[in-house]
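Notes follow the structure.
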Ligand SMILES: CC(C)(COP(=O)(O)OP(=O)(O)OC[C@H]1O[C@@H](n2cnc3c(N)ncnc32)[C@H](O)[C@@H]1OP(=O)(O)O)[C@@H](O)C(=O)NCCC(=O)NCCS
């Protein structure tokens, strides 16, 4: 199967924060951001695999900065690693200053998507070759994160998680 790069799956979604999408502090509601990230990640996974894709797990979300109403929010998603049928998608979220146009990092998240056929059965996806230093770093950590996610979901025995053992033992 054809090798692809993270850049080929890159998906950028930019949108405003409307009052109906905020919490009582007038900041973006967490669930709204999760939905925006899910949509961007789904497009990235689809661009990589060219198949139907489903969200398998949300592995990590860090709400480091609140996002005020009226902000221009950009969600950038890229496949960081592809396994047999699953893909790790790394998301970076930025907010843009109205006057200077400068972008500040607001959040990060990691989602796992699985490519499936029309009956919902997992299918193989192309391998990926990271190019930049950041892509290489994210690629390297992805197997560890996959094993952690599978252990937490009860789908892998901790004793079989080779990458986690390397970290703790
Ligand atoms: C995701 C789904 C297709 C996985 O099906 P499954 O029967 O567990 O299939 P498998 O065990 O073969 O797993 C398929 C891949 O997903 C990976 N996977 C499954 N659960 C995972 C988890 N919690 N974290 C990370 N990876 C996971 C497996 O490791 C495997 O990866 P690989 O093929 O790259 O090695 C199935 O659980 C599903 O359809 N879930 C519902 C998806 C959905 O509706 N999402 C929207 C939620 S509203």
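In the working numbering, the protein residues as written are 1274 to 1442.
Virtual Cβ for every residue (Gly too), placed ideally from N, Cα, C.
Going by C-alpha distance, which of the options is nearest residue i?
i: residue 1353; options: 1307, 1439, 1437, 1419; result: 1419
i: residue 1313; options: 1299, 1302, 1328; result: 1328
i: residue 1278; options: 1422, 1370, 1439, 1408; result: 1408
i: residue 1322; options: 1306, 1307, 1405, 1351; result: 1351
i: residue 1326; options: 1318, 1356, 1439; result: 1318
i: residue 1330; options: 1385, 1290, 1375; result: 1385
Given a threshold of 16 other Cβ atoms within 10 Å of its Cβ, counted over all protein chains shown, does residue i qualify as buried or as exposed?
i: residue 1392; result: exposed
i: residue 1315; result: buried
i: residue 1309; result: buried
i: residue 1432; result: exposed
i: residue 1357; result: exposed
Can you tell me whether residue i is helix, strand or coil according to DSSP?
i: residue 1279; result: helix
i: residue 1354; result: strand
i: residue 1297; result: coil
i: residue 1376; result: strand
i: residue 1395; result: strand
i: residue 1381; result: strand
Determine the extent of the beta strand (DSSP E) in which residue i is found, giving its start and end residues.
i: residue 1365; result: 1359-1369
Let's see if you can read the secondary structure: which residues bound the alpha helix (DSSP H) around residue i?
i: residue 1407; result: 1406-1425
Contained alpha helix (DSSP H) runs [length at least 4] in the stretch 1302-1345, N- to C-terminal order: For the stretch 1302-1345, the full-length alpha helix (DSSP H) segments reaching 4 residues or more read 1303-1322 along the chain.
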